[in-house]
Every structure is written in structure tokens, then in C-alpha cells.
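Step one of this worksheet: look at the structure below.
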Amino acid sequence: MQDAQLVGAIVEGDRQGWAELYERYADPLYTYCVSQLQDREAAADVLHDTLIVATERVAQLRDPERLRPWLYAIARNECHRRRRSHRRLVALEEAGDVPAAAEDVDGELRLEEMRRLVRDAVEGLNPSEREVLELAGTHGLTGQDLAAALDVSVNHANALLSRARQQFERSLGALIIARTGRAACGVLDDMLRSWDGRMTPLLRKRIARHIENCETCGENKKRRVNAKQLLAMIPLLVAGGEVADKVAQQRENPELVSYRRGLAERAGPFRRDGFPVSQVRRYRPPYVTIAAVSVLIIALGIYMFAPAPRDQNEALPPSETTTLPVSVPTTTEDTSTTTVTTTTDPTTTTVVTTTKAAAVPPKTVVVTTTITTTTTTPPTSAVTTTTTTTPSSSTPPPPGTLGVTPREINLNAGPGTVRVSSKGGTLTWTASSADPAIKISPSAGTLAANDTVDTTISLTRSDNAGGAKVVYTATGGQAITVSVSWSVIS
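Residue numbers are given in UniProt numbering: position 245 of the sequence shown equals residue 245, and the series is strictly consecutive.
Pasting the structure below:
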């Protein structure tokens, strides 16, 4: 049964359609939820809610052929909702067996070692890269399906996937060569002489740089590392029949109609095509802000033509005033007025007054030109130019907008990196944690407009699994919290 037929069967209330939906998608959705939540019980709860929402909302899916990305989009939002309400996560248990096909990847490494390599490499990625890589590598979502699951454009999804694959390949290559290539390269062996077996971001970068410049290690990496094939080693977990039984009972119980509808409403809002709007915070492209500023500048620069003030004791023609926004390469710090008076005939004098004032938006000034024609007494040939310069009042620029990514990190594979950014202005930032085991470096600084800095979060000790909060604050009372988690690290 194709997905479109499956959707039709579920809409019509066919039990066989529901059973096939569960058989086809429950395990991969459960695997995805476990990877996002690191907690199997929580993942089972999210899978349950996802399937309830799906049965209630499936009739609204405009294109039934897109059932698979639609299910992942719902599961993604439900995982995000679960994380917000359950900040402390339980450590992930060991995954299931690796597919037998993985034995062909590299005969010199045992399967368990290779599983650990893949996990360590994936742990080295930030949460967004990890999610994109899993959706594409483990679950096979690409192109429009991947974009729909993430609620981004296709180009954006492709860019995210390309970067995630590149980072995974570099991380995996560094790990494999570090563990298997020391005998063939003396330089690498010297670099890792005091290595304790744990891969930190700094060491990973050093090894990756060495591989790029070393012919021996470069060839070794080409022979040993196949990132695409290794990603397939991440096994699908089995959801079990308990969730299916529970959902089936609730789906058919008429007394639980309001409960099911409540879950479906909570999962919204939904777009016209039936896909849910992503509840995961996303990067907003800069052109959105630029467009908004452009509209504001145009609105400030356009005025209606209006007659100039006139003396009621004189019968003079009205003045004509035109105000137009004009873009110039640089801003102005003063206000200049230039008046030119010319006589063109015995009875008419034309006065052109141009006033240039500093505008609020950078790199834009407003030029106002007033042309006044009056009747005067007999000819006087004269050209008068008067220029006055007065200092303009300047207001301090607004502080920049604080940005912090990622918002969640795991320190099992070593120190994590969090990027601090300033959008639209200068800001002073600090980072702190109430947990004395957390070390942040650097923990404070000043960023120019649209600048970034990477901070490293590490553990000074770890006797037990746990978590902590790191709060980044900046000018203007801005504050962003990063959730930090870890298992026991010896």
C-alpha cells in the first residue's frame, strides 16, 4: 500500500491502514525521538502523541504522498515541546544491534568500535547538525521532504545538510585516523603521544588539519572512511507493541474524543498544506530585517505636496515643495543650508533653497528642495550663496541583538562550543553558571556589530550524570540560557 492509499485508508477508518502506518513508521519515528530526547520512555510518550495527532490531522494533509516528512515534522515539534517541559534528560541506553552489512566497512575494526566511532563523531556536532544528519542519513529524508520536516526552504535544508555532512566527515576522519593511523605516520604519533583517547574539538581540528597536509594520513582516510556508509550503522530502535496497543485503544474509544482533539489542537498551528508550523526556534534571514528597514525609510521620506506659508497681506503665488528620499554613500554629521538667488527678468526672482539634514537610518539622507517664484522690482543682477553649518544632535546607536547557538550541548565527547553573536549593533556580554563544575572560556567580552565569538564550555569534574544551565547576558537586559548535559565522565 502506497502512502497515498495509506492516508485514504486511515481517513476512512480502516484498521488495516492504521496497522500498516504503525508497522511502516513507528520504529524510525521512535529512533528519531530517542536521538532527540536521549530518553526511551520520553520517546515512547512522544511517539504516542505523534500518532494520535497524525490520526486526528491526516485528513488535512493536502498531498498524501508526503506522509513521511509530515510525520517527522509532527514528531519534531512534539520532541521540542517535551524538551521544554522536561529539561533534565536521562542518559541514552545502548542502542540495538548493528546491521550485518556494516561488517564490510572496515575489516580491521570491530563492529563495536565502529559503532562507538560513529557515536563519538555525531556527538561532536551541534544539535542542529546532528538532527539534520540523522534525518537524512538514518531516515532518508532529502530535498523537499527534509525541508518540510524542518519547516525551512529546500535551499536552506540542502545547505544545512551539506554542512552537517562535511562536519561529520571531518570529525569521523579525525577519530578513525587517530585510532588506527599512528603506526603509519610518525608526525601523527608524536601529536597523540600523550592522548588519553578522548577527542576534544581542539584536537579534532588539529588532526583534521594534519590529514589535509599529510599524504600518508590523507590516503589512509580515503581508504578507511566512508561517512555515508557509516551513517547507516546507526540502527533503528524497536518501538514495541505497547505504544501501538495504547494508541489503538484510545483511537477507537468514543469517550476519549476530547482528549484526542486536545492533543491535535496543542500540536498546531498548521499550514494550509497540512504541515505543522515549526515550534523550534529558527534563524531569521537578514533580508527580512533589511526589507523592514527599507519600508520604514521610504515611509519617512515621502510627504504630500503642500503649499508653503504665505503672508496674507501680499498676493503671492504659492511655493512648491518637494521632499524625496535620496541614498548617498556616506552619512552626514551636520546640517547645511544653501540659498541661491538669481534674476532672470525684470519682474521675476527665483529663490532655490536646499536643506540637507542627517537622517536617522545610516547611509541615507533626506534632501528637501523648495522652489519659490515671486514678483520683484526692476532688475538687479546678483548671485548670493549663503552656507550655514550647525552641529546635528546625535543619539547613541541602539545595542546589538544577542544571539547564542546552540541552545543545548552535551559534554560526553568533551568540551562544547557555543557561538555568541551581535546583530545590528555593539554589545557587551557575559556568561555564567551556578554550577561550580562548569567552566566557560571566555566568559565575557564586547562584540562589534554583526561580529561573533566562540566560547568553550567544559567540566572541571563529573562524578555523576547531570546537567546545568549557562546564562548569557548582554546590554539592555538580554538573556539566553544554554542547557548543558553530561553522563559520568571518568
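Every residue gets a Cβ at the ideal spot worked out from N, C-alpha and C, and that includes glycine.
If you're wondering where the values come from, they're calculated on a predicted model, not measured in any experiment.
Bridge partner(s) assigned by DSSP for residue i
{"i": "residue 401", "result": "423"}
{"i": "residue 454", "result": "419"}
{"i": "residue 276", "result": "270"}
{"i": "residue 491", "result": "What the structure shows of the chain is the stretch from 1 to 490, and residue 491 is not part of that stretch, so it cannot be assessed."}
{"i": "residue 447", "result": "427"}
{"i": "residue 481", "result": "471"}
{"i": "residue 256", "result": "Looking at the DSSP assignment, residue 256 forms no beta bridge with any residue, so it has no partner."}
{"i": "residue 128", "result": "The partner list for residue 128 (beta bridge, DSSP) is empty, contrary to what the question assumes."}
{"i": "residue 459", "result": "438"}
{"i": "residue 432", "result": "471"}
For residue i, the three-state DSSP class (helix, strand or coil)
{"i": "residue 31", "result": "helix"}
{"i": "residue 195", "result": "coil"}
{"i": "residue 154", "result": "helix"}
{"i": "residue 142", "result": "coil"}
{"i": "residue 473", "result": "strand"}
{"i": "residue 162", "result": "helix"}
{"i": "residue 77", "result": "helix"}
{"i": "residue 47", "result": "helix"}
{"i": "residue 410", "result": "strand"}
{"i": "residue 202", "result": "helix"}
{"i": "residue 336", "result": "Here residue 336 scores only 41 on pLDDT, less than 50, and its place in the model is too uncertain to base an answer on."}
{"i": "residue 90", "result": "At residue 90, the pLDDT of 37 sits below 50, so the modelled position is not reliable; the number obtained from the coordinates is stated separately. Correct three-state label for residue 90: coil."}
{"i": "residue 62", "result": "coil"}
{"i": "residue 13", "result": "coil"}
{"i": "residue 181", "result": "coil"}
{"i": "residue 245", "result": "helix"}
{"i": "residue 494", "result": "Any answer about residue 494 is impossible in this case: the structure gives the chain only from 1 up to 490."}
{"i": "residue 214", "result": "coil"}
{"i": "residue 310", "result": "With a pLDDT of 45 at residue 310, under the threshold of 50, the predicted position of this residue should be treated as unreliable, though the coordinate-derived value follows. Three-state DSSP puts residue 310 in coil, outside helix and strand."}
{"i": "residue 39", "result": "coil"}
{"i": "residue 2", "result": "coil"}
Contact under 7 Å by Cβ, residue i with residue j
{"i": "residue 80", "j": "residue 280", "result": "yes"}
{"i": "residue 427", "j": "residue 474", "result": "yes"}
{"i": "residue 484", "j": "residue 470", "result": "yes"}
{"i": "residue 152", "j": "residue 144", "result": "no"}
{"i": "residue 183", "j": "residue 56", "result": "no"}
{"i": "residue 445", "j": "residue 423", "result": "no"}
{"i": "residue 181", "j": "residue 188", "result": "yes"}
{"i": "residue 34", "j": "residue 40", "result": "yes"}
{"i": "residue 274", "j": "residue 62", "result": "yes"}
{"i": "residue 254", "j": "residue 267", "result": "no"}
{"i": "residue 208", "j": "residue 170", "result": "yes"}
{"i": "residue 67", "j": "residue 118", "result": "no"}
{"i": "residue 455", "j": "residue 439", "result": "no"}
{"i": "residue 125", "j": "residue 135", "result": "no"}
{"i": "residue 175", "j": "residue 121", "result": "yes"}
{"i": "residue 177", "j": "residue 214", "result": "no"}
{"i": "residue 156", "j": "residue 28", "result": "no"}
{"i": "residue 244", "j": "residue 22", "result": "yes"}
{"i": "residue 133", "j": "residue 168", "result": "yes"}
{"i": "residue 449", "j": "residue 425", "result": "yes"}
{"i": "residue 30", "j": "residue 43", "result": "yes"}
{"i": "residue 159", "j": "residue 73", "result": "no"}
{"i": "residue 468", "j": "residue 432", "result": "no"}
{"i": "residue 123", "j": "residue 413", "result": "yes"}
{"i": "residue 52", "j": "residue 260", "result": "yes"}
Neighbour-count burial assignment, residue i, 16 or more Cβ in a 10 Å radius
{"i": "residue 505", "result": "Residue 505 lies beyond the residue range present for the chain, which begins at 1 and ends at 490; the question has no answer from this structure."}
{"i": "residue 69", "result": "buried"}
{"i": "residue 472", "result": "buried"}
{"i": "residue 202", "result": "exposed"}
{"i": "residue 416", "result": "buried"}
{"i": "residue 12", "result": "exposed"}
{"i": "residue 50", "result": "buried"}
{"i": "residue 262", "result": "exposed"}
{"i": "residue 220", "result": "buried"}
{"i": "residue 16", "result": "exposed"}
{"i": "residue 482", "result": "buried"}
{"i": "residue 486", "result": "buried"}
{"i": "residue 59", "result": "exposed"}
{"i": "residue 5", "result": "exposed"}
{"i": "residue 2", "result": "exposed"}
{"i": "residue 393", "result": "Confidence at residue 393 is low in this model, with a pLDDT of 47, below 50, so its placement is unreliable and the value that follows should be read with caution. Exposed: under 16 other Cβ atoms inside 10 Å."}
{"i": "residue 377", "result": "With a pLDDT of only 43 at residue 377, under the threshold of 50, the placement of this residue in the model should not be trusted, and no figure is reported."}
{"i": "residue 442", "result": "exposed"}
{"i": "residue 398", "result": "exposed"}
{"i": "residue 223", "result": "exposed"}
{"i": "residue 25", "result": "buried"}
Quiz item: At a cut of 8 Å, does the region 163-174 reach the region 121-129 through at least three beta carbon pairs?
Solution: yes
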